[in-house]
Amino acid sequence: KPGGCTDSDNVSRVSHVSVKQRTLQSLMSLWKATLAEKSLSTSELLKKNQQRPTGKKSHFCSDCGKRFNSSGDLKIYQRIHTGEKPYGCDECGKSFIQLQTLKSHQRIHTGEKPFGCDQCGKSFTQLNSLIVHQRGHTGEKPYSCNQCGRSFSTSSYLTIHQRTHTGEKPYSCETPYSCDQCGKSFGKSNNLIVHQRTHTGEKPFSCDQCGKSFTTSDQLTIHQRKHTGETPYSCDQCGKSFGKSNNLIVHQRTHTGEKPYSCDQCGKSFTTSDQLTIHQRKHTGETPYSCDQCGKSFTTSDQLTIHQRKHTGETPYSCDQCGKSFGKSNNLIRMHTGEKPFQCSQCGKSFTHSQTLKGHVRIHTRQERTYYYCSQCGKSFSCLKYLKRHERTHTGETPYHCSQCGKSFTQFGSLNKHKRIHSGEKP
Numbered sequence: 406k407p408g409g410c411t412d413s414d415n416v417s418r419v420s421h422v423s424v425k426q427r428t429l430q431s432l433m434s435l436w437k438a439t440l441a442e443k444s445l446s447t448s449e450l451l452k453k454n455q456q457r458p459t460g461k462k463s464h465f466c467s468d469c470g471k472r473f474n475s476s477g478d479l480k481i482y483q484r485i486h487t488g489e490k491p492y493g494c495d496e497c498g499k500s501f502i503q504l505q506t507l508k509s510h511q512r513i514h515t516g517e518k519p520f521g522c523d524q525c526g527k528s529f530t531q532l533n534s535l536i537v538h539q540r541g542h543t544g545e546k547p548y549s550c551n552q553c554g555r556s557f558s559t560s561s562y563l564t565i566h567q568r569t570h571t572g573e574k575p576y577s578c579e580t581p582y583s584c585d586q587c588g589k590s591f592g593k594s595n596n597l598i599v600h601q602r603t604h605t606g607e608k609p610f611s612c613d614q615c616g617k618s619f620t621t622s623d624q625l626t627i628h629q630r631k632h633t634g635e636t637p638y639s640c641d642q643c644g645k646s647f648g649k650s651n652n653l654i655v656h657q658r659t660h661t662g663e664k665p666y667s668c669d670q671c672g673k674s675f676t677t678s679d680q681l682t683i684h685q686r687k688h689t690g691e692t693p694y695s696c697d698q699c700g701k702s703f704t705t706s707d708q709l710t711i712h713q714r715k716h717t718g719e720t721p722y723s724c725d726q727c728g729k730s731f732g733k734s735n736n737l738i739r740m741h742t743g744e745k746p747f748q749c750s751q752c753g754k755s756f757t758h759s760q761t762l763k764g765h766v767r768i769h770t771r772q773e774r775t776y777y778y779c780s781q782c783g784k785s786f787s788c789l790k791y792l793k794r795h796e797r798t799h800t801g802e803t804p805y806h807c808s809q810c811g812k813s814f815t816q817f818g819s820l821n822k823h824k825r826i827h828s829g830e831k832p
């Protein structure tokens, strides 16, 4: 036996070589798999990610009862309860529950964003962020509520929505970050930080073109598109493009006819939740937007803005044909076209404004007319605004002010007539 080598030594050496070979083979397999994944295009990665099986959630947490597909997922999750964070960043010392979360975090330091959107060019540190982002372009909402049919772009949005049906509260470990001012809880510390700005009023992100400030960097990015004219979200049916993904989603409903928001009082449906909210004020009588000069209140902020121009005299819409200015854009549009889109269903007469049509319809329904009486002199009026105008003769109120000389008037028409003195315009 050369070199005094025993049989046991040979067995040991063979065994050691065998282990080394197996280790090398497994490392080679892992390396090949990594290379294969890196060589995949973004679209192939997206497809691969979306094909992962969901499985049955048979593993549950003994602390809070939450269920998982695998024992591995459960083990990682339980670190939330134990506080264990075994993966530390060697740049800043921050620790994480999962290795993958650490890798994503490290891209903050390196600036690496390997997952790029092939439609608008925006890049992300995580594949999941890209998947959610791309649904903004496609309008895809793959997660549907089995109770009301409403769809969502992420499973977490669906989970939050489903609690409105079940009344279920989120697991306390899911929202460990609580606001000390209002008690609202969040799953991520970053979300809490953004929320707290609603209390402090802090807006740390400023536009370098106009100086306007915003609560989040995303809000700033969307705002800056007003300056650049960038509209990265395009409709695949008509080609119209938008600066915000939400605007694209709402627009696409004009093609599909989808109106997912229904009034529980009359059943009327709407394209957006804002439209439903405004509509419901017709039932409740709510007019939350009040004029600080005359006290008149309105259903929407836009109505208030238009009304306030009567007090300020502001006419931001100028006609490029005759130079005349208007407080409403539709007044400008119809000035030269002669368009009268509001038609009486009883006699066929057409009008430029919806309010004029409403006044006209009362001619046909005199028996149903509502009269408004002055509490001081008893005079009656067919329209509330005429009563308000009349009451100023008793109160002496002059809410319409000339911005040039300060003179005040009881009626908007009188202010307009007066302004011609300054402009030299002939009536």
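Residue numbers (my numbering): 406 to 832.
Glycine included, each C-beta is placed from N, C-alpha and C at the ideal position.
Between the alpha carbons of residue i and residue j, how many angstroms are there, rounded?
{"i": "I826", "j": "Y722", "result": "21 Å"}
{"i": "P458", "j": "H660", "result": "Confidence at P458 is low in this model, with a pLDDT of 46, below 50, so its placement is unreliable and no value can be given for it."}
{"i": "H566", "j": "N533", "result": "20 Å"}
{"i": "Q642", "j": "Y694", "result": "37 Å"}
{"i": "F473", "j": "T564", "result": "15 Å"}
{"i": "Y791", "j": "C550", "result": "50 Å"}
{"i": "F747", "j": "C587", "result": "48 Å"}
{"i": "S622", "j": "T676", "result": "28 Å"}
{"i": "L796", "j": "G829", "result": "A small fix is needed here, since residue 796 is Glu in this sequence, not Leu. Going by the C-alpha atoms only, they are around 31 Å apart."}
{"i": "Q781", "j": "C699", "result": "19 Å"}
{"i": "T515", "j": "S509", "result": "10 Å"}
{"i": "G764", "j": "L709", "result": "21 Å"}
{"i": "E744", "j": "F756", "result": "8 Å"}
{"i": "G648", "j": "I513", "result": "26 Å"}
{"i": "Q704", "j": "S611", "result": "It should be pointed out that residue 704 corresponds to Thr in this sequence rather than to Gln. So the two alpha carbons sit approximately 31 Å from each other."}
{"i": "Y482", "j": "S467", "result": "11 Å"}
{"i": "Y582", "j": "G592", "result": "6 Å"}
Tell me whether residue i sits in a helix, a strand or coil according to DSSP, three-state version.
{"i": "I826", "result": "helix"}
{"i": "R797", "result": "helix"}
{"i": "G493", "result": "strand"}
{"i": "R484", "result": "helix"}
{"i": "R472", "result": "strand"}
{"i": "Y776", "result": "coil"}
{"i": "G541", "result": "helix"}
{"i": "G764", "result": "helix"}
{"i": "S650", "result": "helix"}
{"i": "G672", "result": "coil"}
{"i": "G477", "result": "helix"}
{"i": "S785", "result": "strand"}
{"i": "S467", "result": "coil"}
{"i": "S560", "result": "helix"}
{"i": "S860", "result": "No information on residue 860 is available, as it lies outside the stretch 406 to 832 that the chain covers here."}
{"i": "G616", "result": "coil"}
{"i": "S509", "result": "helix"}
{"i": "G818", "result": "helix"}
{"i": "S667", "result": "strand"}
{"i": "S611", "result": "strand"}
{"i": "D808", "result": "Just to set this straight, residue 808 is Ser in the shown sequence, not Asp. Here S808 sits in coil by DSSP."}
{"i": "V655", "result": "helix"}
According to the neighbour-count rule (16 or more other Cβ atoms, all chains shown, within 10 Å of its Cβ), is residue i buried or exposed?
{"i": "Y776", "result": "exposed"}
{"i": "Q539", "result": "buried"}
{"i": "H769", "result": "exposed"}
{"i": "F520", "result": "buried"}
{"i": "Y778", "result": "exposed"}
{"i": "Q529", "result": "Checking the sequence shown, residue 529 turns out to be Phe, not Gln. Buried, because 16 or more other Cβ atoms sit within 10 Å of the Cβ of F529."}
{"i": "L504", "result": "exposed"}
{"i": "G498", "result": "exposed"}
{"i": "P804", "result": "buried"}
{"i": "L435", "result": "Confidence is the limiting factor: at L435 the pLDDT is only 40, short of 50, which leaves the residue's position unreliable and the question unanswerable from this model."}
{"i": "S475", "result": "exposed"}
{"i": "L789", "result": "exposed"}
{"i": "G544", "result": "buried"}
{"i": "G818", "result": "exposed"}
{"i": "S650", "result": "buried"}
{"i": "G783", "result": "exposed"}
{"i": "G801", "result": "exposed"}
{"i": "N541", "result": "The question names Asn, but residue 541 in the sequence shown is Gly. The residue is buried, with at least 16 neighbouring Cβ atoms inside 10 Å."}
{"i": "G842", "result": "Nothing can be reported for residue 842: it is not among the residues displayed for the chain, which extend from 406 to 832."}
{"i": "G732", "result": "buried"}
State yes or no: is the beta carbon of residue i nearer than 7 Å to at least one beta carbon in chain C?
{"i": "G829", "result": "Among the chains in the structure shown there is no chain C, since it carries only a single protein chain."}
- Looking at C-beta atoms only, is the number of pairs between the region 652–666 and the region 625–632 that lie closer than 8 Å three or more? By the criterion of at least three beta-carbon pairs nearer than 8 Å, the region 652–666 is not in contact with the region 625–632.
- Assess, as a yes-or-no matter, whether the region 666–678 is touched by the region 559–569 under the definition of 3 or more beta carbon pairs within less than 8 Å. Touching, no, given that fewer than three Cβ pairs across the two stretches are closer than 8 Å.
- Message: When you compare the region 801–815 with the region 709–724, are there three or more beta-carbon pairs, one atom per stretch, that lie closer than 8 Å?
- Response: Verdict: yes, contact present.
- Task: Give, in chain order, every unbroken run of the beta strand (DSSP E) that is at least 3 residues long and sits entirely within the region 677–757.
- Result: Here no run is fully enclosed.
- Contact the region 486–494 vs the region 591–609: 3+ CB pairs below 8 Å: Taking a cut-off of 8 Å on C-beta distances, the region 486–494 does not touch the region 591–609, as fewer than three cross pairs fall below it.
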